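Beneath this line is the structure, given in structure tokens, with notes to follow.
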Amino acid sequence: MSNEVKNPVAEGEAIKKTPKKSKANLDVGDLLAHENEDESNAKVESEDSLTSLRLQRSRKRIWADLRDGIDLKALARMDQKAAREEVTSAVEEIARFRNLDLTPTELKQIGKECADDMLGYGPLETLLEEDGIADIMINGPDTVYIEKNGRITKANIEFRDNQHLTTICQRIVGAIGRRVDESSPICDARLPDGSRVNVIIPPLAVDGSCMTIRKFQKEKLTLEKLMDFGSLTPSCAKLIMAIGRCRVNVLVSGGTGSGKTTMLNCLTRYIEPGERIITCEDACELQLQQPHVVRLETRPPNLEGVGEVTMRDLVKNCLRMRPERIIVGEVRGPEAFDLLQAMNTGHDGSMGTVHANNPREALSRMENMIAMGNLSIPIQAVREQIAAAVNVIIQTQRLRDGSRKVTHVSEITGMEGEVVTMQDLFKLDILGEDDDGKLITEQKSTGIRPKFFDNARTYGVEQLVLDAMEEAYDS
147 MSNEVKNPVA EGEAIKKTPK KSKANLDVGD LLAHENEDES NAKVESEDSL TSLRLQRSRK
207 RIWADLRDGI DLKALARMDQ KAAREEVTSA VEEIARFRNL DLTPTELKQI GKECADDMLG
267 YGPLETLLEE DGIADIMING PDTVYIEKNG RITKANIEFR DNQHLTTICQ RIVGAIGRRV
327 DESSPICDAR LPDGSRVNVI IPPLAVDGSC MTIRKFQKEK LTLEKLMDFG SLTPSCAKLI
387 MAIGRCRVNV LVSGGTGSGK TTMLNCLTRY IEPGERIITC EDACELQLQQ PHVVRLETRP
447 PNLEGVGEVT MRDLVKNCLR MRPERIIVGE VRGPEAFDLL QAMNTGHDGS MGTVHANNPR
507 EALSRMENMI AMGNLSIPIQ AVREQIAAAV NVIIQTQRLR DGSRKVTHVS EITGMEGEVV
567 TMQDLFKLDI LGEDDDGKLI TEQKSTGIRP KFFDNARTYG VEQLVLDAME EAYDS
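Residue numbers for the sequence shown, in this note's numbering: 147 to 621.
Printed below as a string of structure tokens:
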């Protein structure tokens with residue numbers, strides 16, 4: 147019996163234009179036509195349901211046989227390509243042995259899914275391979291969202307159950323020697339490509355295991371690419387190039403997902419190749435291009451609660467490693483004081499990121515983080531330390547239309563009484579909104595010559611600074 151839905155055009159039936167009728171005036175022919183259409187739609191939906199059920203049963207049967215029959219130790223000794231071929235071959239053999247009703251396309255898809263589950267990160271592999279995705283947010287086994295081109299949408303993937311999702315989470319964190327379980331339900335990790343991962347599982351995550359992945363972009367972002375995206379103007383980019391080159395101490399400030407790490411990576415491209423750089427991060431994600439780089443990473447405590455190495459431990463140890471620059475991936479605790487000490491003791495050009503909504507708030511955050519260390523330092527002394535150590539704050543922001551912009555380039559100029567003084571060198575103004583909902587913005591120079599201009603002259607980049615200020619001011 148044929149399951150095809152008949153096409154009236156293919157059968158040569160004439161299609162006549164008829165005037166529109168209200169529901170009250172529908173004749174018997176119209177009613178019969180609507181009934182036939184409803185029956186056809188129901189038939190197609192029923193066929194789709196049966197196909198889905200058939201695939202689910204086949205997938206479950208293959209997975210059960212594969213899990214019981216394949217030699218996992220032998221797979222572990224193979225390289226990734228050979229192991230995937232072995233799994234795919236086993237899936238095809240099981241399908242033949244079980245005489246499963248699968249098309250070649252369906253069999254290939256199930257083979258890929260099984261290989262992803264056994265050797266990779268399961269359903270996540272599809273999203274990790276797709277370019278353009280910035281964030282993957284997993285709220286539970288059947289709820290996955292992605293951010294792409296500034297928009298958050300629901301992804302068309304799901305995990306079999308919460309145990310499946312938890313297994314993938316454990317595989318990711320276990321690869322870098324960390325663990326996530328009921329006794330330690332929160333963990334930060336990274337993927338082999340540098341993507342940043344945060345995992346939180348039950349009992350803390352009430353609706354099932356949750357994982358957030360900040361994807362590492364295969365194509366490294368540069369200031370030129372940020373200009374193409376509209377994140378900053380050419381004039382502002384010139385100033386940032388000069389800041390990276392002339393060894394001023396920089397904080398990159400911004401909210402979550404605003405592009406702080408991207409901006410920090412762009413800044414580091416202008417560091418001289420011969421400089422010795424030491425980076426400190428919770429999960430290594432900086433992509434420095436220089437040859438003389440030492441990367442350090444924090445370590446959580448073990449099962450006995452000992453062996454933890456904090457960010458502050460790393461920053462303190464940096465000072466004994468003859469660094470020329472120290473870069474802290476994210477300053478969020480008492481290590482802020484040690485970073486300021488480093489900036490004040492000959493390690494010019496050191497950098498870090500901090501969570502704050504504007505440059506002034508970034509300074510307040512630094513004060514609060516130093517206070518977390520219970521160092522009993524008077525607030526006036528802390529502010530003087532900040533004013534002496536930090537030269538520039540670059541503020542990034544994710545705007546309501548999803549775009550990411552540099553909103554301020556601000557310079558710290560000193561102290562007036564008990565207040566740290568600063569001046570804006572570049573500032574972003576929001577002028578309105580276009581018909582597509584995109585914000586209309588203007589990034590302008592304030593026309594103020596920066597205090598670090600003499601430093602720029604020492605490193606031969608004073609013309610970059612002058613061009614940046616004049617071009618923006620004249621535009």
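The beta carbon of each residue, even a glycine, is placed where N, CA and C say it ideally should be.
Nothing here was measured: the structure is a model prediction, and the numbers come from that model.
**Request:** Could you name the residues that DSSP lists as bridge partners for residue 570?
**Result:** 556, per the DSSP bridge assignment.
**Backbone CA spacing between residue 560 and residue 495 [nearest angstrom]** = Rounded to the nearest whole angstrom, the C-alpha separation of residue 560 and residue 495 is 18 Å.
**Prompt:** Would the beta-carbon of residue 469 fall within 8 Å of that of residue 438?
**Reply:** At least 8 Å separates the beta-carbon of residue 469 from that of residue 438.
**Message:** Applying the 10 Å Cβ sphere with the 16-neighbour rule, what's the burial state of residue 222?
**Reply:** An exposed status is given to residue 222, since fewer than 16 other beta-carbon atoms sit within 10 Å of its beta-carbon.
**Message:** Rounded to whole angstroms, what is the Cα-Cα separation between residue 471 and residue 281?
**Reply:** Cα-Cα distance, rounded: 30 Å.
**Message:** Check whether the segment 202-221 and the segment 232-243 touch, using three or more Cβ-Cβ pairs below 8 Å as the test.
**Reply:** Counting Cβ pairs under 8 Å, three or more are found: they touch.
**Message:** For the alpha helix (DSSP H) containing residue 272, name the first residue and the last one.
**Reply:** It spans 270-275 - the alpha helix (DSSP H) in which residue 272 sits, taken as one unbroken run.
**Message:** On the DSSP bridge list, what partners appear for residue 333?
**Reply:** Per DSSP, 345.
**Request:** Determine the extent of the alpha helix (DSSP H) in which residue 535 is found, giving its start and end residues.
**Result:** Run containing residue 535: 525-535, per the alpha helix (DSSP H) assignment.
**Prompt:** Since residue 310 is in the alpha helix (DSSP H), which residue starts that stretch and which ends it?
**Reply:** For residue 310, the uninterrupted alpha helix (DSSP H) run begins and ends at 308-320, by DSSP.
**Prompt:** Can you pull the DSSP bridge partners for residue 589?
**Reply:** Answer by DSSP bridge pairing, in chain order: 574.
**Request:** Would you kindly work out how many angstroms separate the C-alpha atoms of residue 566 and residue 405, rounded to a whole number?
**Result:** If I take the Cα positions, the gap works out to 26 Å.
**Prompt:** Which partner residues of residue 399 appear in the DSSP bridge assignment?
**Reply:** DSSP lists 500, 541 as partners of residue 399.
**residue 279 vs residue 294 beta-carbon contact at 8 Å** = Going by beta carbons, residue 279 and residue 294 fall inside the 8 Å limit.
**Request:** Evaluate residue 419 with the Cβ neighbour count: other Cβ atoms within 10 Å of its Cβ, from every protein chain shown; 16 or more gives buried, anything less gives exposed.
**Result:** Of the residues assessed, residue 419 falls on the exposed side of the cut-off, its CB having fewer than 16 other CB atoms within 10 angstroms.
**Message:** Tell me the rounded alpha-carbon separation between residue 315 and residue 403.
**Reply:** The alpha-carbon atoms of residue 315 and residue 403 are separated by roughly 22 Å.
**Prompt:** CB-CB under 6 Å to residue 605, same chain, minus the five flanking residues each way: which ones, in chain order?
**Reply:** Closer than 6 Å at Cβ, skipping near neighbours: 391, 392.
**Asked** How should residue 557 be labelled, buried or exposed, when 16 other C-beta atoms within 10 angstroms of its C-beta is the threshold for buried?
**Response** When all chains shown are included, residue 557 counts as buried.
**Message:** Starting from residue 294, trace the beta strand (DSSP E) in both directions and tell me its first and last residue.
**Reply:** 289-294 is the span of the beta strand (DSSP E), which, as asked, contains residue 294.
**Request:** Select from 524, 312, 435, 341 the residue whose C-alpha is nearest the C-alpha of residue 361.
**Result:** Among 524, 312, 435, 341, the Cα nearest to that of residue 361 is on 341.
**Message:** Do residue 270 and residue 287 count as a contact pair if the criterion is CB distance below 8 Å?
**Reply:** No; because the gap between Cβ atoms is not below 8 Å, this pair is not in contact.
**Own chain, CB closer than 8 Å to residue 583, minus 5 neighbours either side, in chain order** = Closer than 8 Å at Cβ, skipping near neighbours: 547.
**Asked** Is the distance from the Cβ of residue 331 to the Cβ of residue 318 below 8 Å?
**Response** Not closer than 8 Å, so no.
**Prompt:** Leaving out five residues before and five after residue 536 in sequence, what residues of the same chain have Cβ atoms less than 6 Å from its Cβ?
**Reply:** Cβ within range, chain order: 395, 397, 558.
**Asked** DSSP on residue 509, reduced to helix/strand/coil?
**Response** Under the three-state reduction of DSSP, residue 509 is assigned to helix.
**Request:** Check the DSSP bridge columns for residue 441 and list the partner residues they point to.
**Result:** Answer is 425, bridged to residue 441.
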